[in-house]
Amino acid sequence: NLTKLSHTPVIGFSLGAVTAIKSASKGNLNGKLVLIGVPGKVKNKKLRIASLLPLRLRHNLALSSLARKKILIPIFKDVIGIKDKERDHILYDAMLSTSVKSLTDINMFERKDRNVQSLLKRVKNETVFIYGEYDKLLTSTKDFVVYPTIIKGADHVVFSSQPQKTLSILRD
148 NLTKLSHTPV IGFSLGAVTA IKSASKGNLN GKLVLIGVPG KVKNKKLRIA SLLPLRLRHN
208 LALSSLARKK ILIPIFKDVI GIKDKERDHI LYDAMLSTSV KSLTDINMFE RKDRNVQSLL
268 KRVKNETVFI YGEYDKLLTS TKDFVVYPTI IKGADHVVFS SQPQKTLSIL RD
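Letter by letter, the sequence shown follows residues 148 to 319 of the working numbering.
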């Protein structure tokens, strides 16, 4: 029954949270929104330097194994605030099974910031924001995310940095 599904809670993580916000702002979702690590406007020196490369070159770098390990993962970790090297292989494995071309389109971050803030004004759903204590993206949304739930000891990837605490919050 589609009526029951339309009231199902939706959990969006990072850029997936932006997709959930877009859908809810159009009235396509009626359930509770749980938005984890919503990005705002990202300000990062390494990211800004990488953005000076032509888009085609950035996309080609994203396809290279060496570039993913030596360039993309370190920039990604710096942007979201992951410090431990132990999870590099997890990030690398995830990038092997995912198209990372969109992650190399630096300008998308600026568009997301403007869109998220204006789209949230049209969202009528009950909304919960969750961030890891060390998630650098939290500061990028301070102008429009009010009263976020903070998971102590977690970074942007709350599911792997503090899995039990994250599940506990999601169950509540």
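Where a beta carbon is used, it is the ideal one built from N, C-alpha and C, also for glycine.
On the three-state DSSP scale, how would you describe residue i?
i, result
"Gly279", "strand"
"Gly163", "helix"
"Ile229", "coil"
"Val263", "helix"
"Leu314", "helix"
Of the residues the options, which one's Cα is nearest the Cα of residue i?
i, options, result
"Ser307", "Glu233, Asn175, Leu213", "Glu233"
"Leu125", "Phe223, His154, Phe160", "The structure shown does not extend to residue 125, since the chain spans only 148 to 319, so no value can be given for it."
"Lys101", "Asn207, Ala301, Asn272", "The chain is shown only over 148 to 319; residue 101 falls outside these bounds and no answer can be derived."
"Gly159", "Leu204, Asn177, Leu208, Ile277", "Ile277"
"Pro295", "Thr274, Gln309, Val304, Leu314", "Thr274"
"Gly300", "Lys268, Asp290, Gly228", "Gly228"
"Gly184", "Asn175, Leu199, Thr166, Lys173", "Thr166"
"Val189", "Val157, Val263, Leu314, Lys268", "Val263"
"Val270", "Gly163, Ser161, Leu180", "Leu180"
Tell me the rounded alpha-carbon separation between residue i and residue j.
i, j, result
"Leu266", "Leu210", "32 Å"
"Leu213", "Gln311", "33 Å"
"Ile196", "His154", "43 Å"
"Lys173", "Leu199", "34 Å"
"Asp282", "Val304", "8 Å"
"Gly279", "Asn177", "26 Å"
"Asp319", "Asp225", "31 Å"
"Ile218", "Thr286", "24 Å"
What does DSSP give as the partner residues of residue i in its beta bridges?
i, result
"Ile297", "Tyr278"
"Ile196", "Paired residue(s): none; Ile196 is not in a bridge."
"Val181", "Ile158, Val275"
Does the beta carbon of residue i fall short of 8 Å from some heavy atom of the ligand FAD?
i, result
"Leu219", "Within the structure as shown, the ligand FAD is missing, as the structure has no ligands at all."
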